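Using our numbering, the letters of the sequence shown map in sequence onto residues 1 to 224. Written below as structure tokens is the structure these notes are about.
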Amino acid sequence: MHTAKKLAPRWERRKEARPHEFIAAALDLFVERGFAATRLEDVAARAGVSKGTLYLYFDNKEALFKAVVQEGILPVIEEGETLLQQYQGPAAELLRIVVYRWWETVGVSQLAGVIKLMLSEAQNFPDVAQFHYDQVVLRGRRIFAFVVELGIRQGEFRALPVDHCVRLLLAPLLMLAIWRYSLGVCESEPIDADSYLRTYLDMALRGLAHGGAAGGPADQGSTT
């Protein structure tokens with residue numbers, strides 16, 4: 001006879017779910033209103049609890065923002081870092097994989113709004129900005145630097161300044177994400193992201209490659 005699995009009391013299950021609910025509510029409000037304009041009581045109300053309950057989990061708004069980054073963005077960074085350790089193959093193909101995975105996990109999600117948030121409010125909240133810079137920006141740059149350096153070592157890419165290459169590779173991707181939460185609302189039709197990314201990869205790989213040959217991977221679509 002099978003013994004039924006004993007469920008935790010409803011209030012305990014609710015308690016375990018609360019941090020995730022607070023983080024989701026905070027992300028919504030940070031993207032909608034900005035960091036400065038979002039109050040903890042607003043986050044609590046969006047999550048359906050009192051402000052006092054929210055304080056049981058997060059000391060302040062800065063801690064809540066860090067939780068948004070840790071739960072939403074850092075797993076994507078960690079997945080990319082793991083990919084680099086395991087990958088064997090052409091750097092051009094690796095670039096395509098990294099770009100599409102980033103877009104499919106961050107670029108098309110509400111997490112892309114965090115990029116705009118940091119650009120607009122970094123000077124006003126230096127501690128939050130430094131956390132985002134250290135945990136997201138620098139680690140993201142290292143991923144792209146690895147790809148460029150791999151391409152140079154394998155003879156696929158020209159020996160260009162790696163730091164400049166990384167910044168130039170990232171800029172169009174960040175702009176695509178930011179556009180959705182800024183002037184993109186003024187356009188009658190949204191940007192065709194898949195076409196944009198294919199064009200971006202074609203131009204990037206031709207610019208990196210010896211003799212301007214893209215090598216094919218940019219012509220392929222999403223990895224999923």
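Glycine included, every Cβ here is placed at the ideal spot set by N, Cα and C. Fair warning: this is a prediction, and the values are worked out from it, not measured in the lab.
Approximately 7 Å separates the beta-carbon atoms of V128 and F35; this is inside 8 Å, confirming the contact. Sequence-distant Cβ neighbours of A122 in its own chain, meaning closer than 7 Å and more than five residues away, are A129.
Around the beta carbon of G184, fewer than 16 other beta carbons lie within 10 angstroms, which makes this residue exposed.
A204 and L197 have their C-alpha atoms some 10 Å from each other. The Cβ atoms of L29 and Q110 lie no closer than 7 Å to each other. In this structure, V49 sits away from A25, with a CB-CB distance that is not shorter than 7 Å.
Annotation note: the stretch 133-179 contains no uninterrupted beta strand (DSSP E) run of length 3 or greater. When rounded, the separation of the alpha-carbon atoms in L95 and H132 is 23 Å. For E79, the number of other beta carbons within 10 angstroms of its own is below 16, and it is reported as exposed.
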